[in-house]
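Asker: According to the working numbering, the sequence shown is numbered sequentially starting from 1.
Every residue, glycine too, gets a C-beta built ideally from N, C-alpha and C.
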Amino acid sequence: MSKSITYSGLERRELLLRYVESQGRVTIEQVCEEFSISPATARRDLQTLADEKMIRRFHGGALATKSAPPEPPFVERSTEQADEKRNIGRAAAALVRDGETIFLSSGTTVLEVARHLRDRRNLTIVTNSLLVVNMLADVPDITLIALGGILRPSEQSFIGHLGELALNELRVGKVIMGIRAIDIESGLTNDYLPETQTDRKILSISREVIVVADHTKCERTSSVYLAPLSVVNTFVTDSLAPPEFLSGLRELGIHVLAV
1 MSKSITYSGL ERRELLLRYV ESQGRVTIEQ VCEEFSISPA TARRDLQTLA DEKMIRRFHG
61 GALATKSAPP EPPFVERSTE QADEKRNIGR AAAALVRDGE TIFLSSGTTV LEVARHLRDR
121 RNLTIVTNSL LVVNMLADVP DITLIALGGI LRPSEQSFIG HLGELALNEL RVGKVIMGIR
181 AIDIESGLTN DYLPETQTDR KILSISREVI VVADHTKCER TSSVYLAPLS VVNTFVTDSL
241 APPEFLSGLR ELGIHVLAV
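(1) How should E45 be labelled, buried or exposed, when 16 other C-beta atoms within 10 angstroms of its C-beta is the threshold for buried?
(2) Kindly indicate the opening and closing residues of the beta strand (DSSP E) around R56.
(3) For L104, I'd like the list of residues in its chain whose CB is within less than 7 Å of its CB, leaving aside the five on either flank, ordered along the chain.
(4) By Cβ distance, which residues of its chain are closer than 7 Å to N122, with the 5 residues on each side in sequence left out?
(5) Under 8 Å by Cβ, that's how I've got R174 and I202 pegged, so tell me the actual separation to the nearest angstrom.
(6) Is DSSP giving S105 helix, strand or coil here?
(7) Exposed or buried, what is G89 when buried is set at 16 or more other beta-carbons lying within 10 Å of its beta-carbon?
(8) Helix, strand or coil for N122, going by three-state DSSP, please let me know.
(9) Under 9 Å, do I159 and E195 count as touching if we go by C-beta distance?
(10) Determine the direct distance from the alpha carbon of E34 to that of V256, and round the result to whole angstroms.
(11) Starting from the C-beta of G149, find all residues in its chain whose C-beta is less than 6 Å away, skip the five residues before and the five after it, and write them out in chain order.
(12) Whole angstroms is fine: what's the gap from Y19's alpha carbon to R118's?
(13) Per DSSP, what kind of secondary structure is T234 in: helix, strand or coil?
(14) Buried or exposed: F235, going by 16 or more other Cβ atoms within 10 Å of its Cβ?
(15) What's the gap between the Cα of E169 and the Cα of T143?
(16) Quickly, what does DSSP pair R260 with across the bridge? List them, please.
(17) Check the C-beta distance from V212 over to A92 and give it rounded, since I have them as a contact under 8 Å.
(18) Among the candidates G187, I102, C218, E84, whose CA atom is the shortest distance from the CA of D51?
Following this line, the structure appears as structure tokens:
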């Protein structure tokens, strides 16, 4: 790393997290050398990441948690675990009643939820996903509210301050959200910080949160902390999800559907 570059605390911790993940195990001395920081700053940054369940601390250093692989673009993901996502989408859609107002986030699994809502009556759906809008735009019994903002091309979703301002004016009965990774210790994590800020705002507009994710997202930790598992009411996944992991979620009071 260039020793002439000065990073903010947040930027440095983002880079530090990626460094720990790439190395697997690091010492305080290695962190000091890599980032040209003092031992006290290195310890503080590592402890901050450990408090957010992003890494595991030990005396004199830190270990990477089980990491989720980098998220490929939407088009590439759309064919991965297609049957599982279809089943998850059907099961999650069954939790939505006619006449409700809900939020659908972006992602391939949530798009399957949208597909299974096309025959519903008198729904109001808020979304930041361009693909969800396209999926439901021709359905006469669905009122769509589309958030604006900055388009993230790889996800075909809108993120950022403009959308977050709009969310201040909205309340919904249910939020249905896809997730990059979910873990008992790390909670909900994503891999893109600007999107995570928007997702946190989305989670705040409802008292009922349904998280949808196939088994490949379970017992994984990605690079950006989103929220604790305490925000999740229902988790919908496929039948290949690890049984012990699902039992752990149930022990936390989360309703689990494995389809």
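Answerer: On the basis of the data shown:
(1) Checking the sequence, you will find Asp at residue 45 rather than Glu. It is buried - the Cβ of D45 has at least 16 other Cβ atoms within 10 Å.
(2) Segment 55-58, the beta strand (DSSP E) holding R56.
(3) The beta carbon of L104 lies closer than 7 Å to those of V110, V113, A114, I125, T127, S129, V132, I176 in the same chain, with the five residues before and after it left out.
(4) D98, G99, D141
(5) First, the amino acid is wrong: residue 174 is Lys here, not Arg. Actually they do not touch by this definition, with Cβ atoms about 11 Å apart.
(6) coil
(7) buried
(8) coil
(9) The answer is yes: Cβ separation under 9 Å.
(10) 42 Å
(11) Closer than 6 Å at the Cβ level, and outside the excluded window around G149, lie F158, I159, G160, L162, G163.
(12) 44 Å
(13) strand
(14) buried
(15) 17 Å
(16) Residue numbering for the chain in the displayed model covers 1 to 259; residue 260 lies beyond these limits and cannot be assessed.
(17) Your pair V212 and A92 checks out as a contact, with CB atoms roughly 5 Å apart and the cut at 8 Å.
(18) G187
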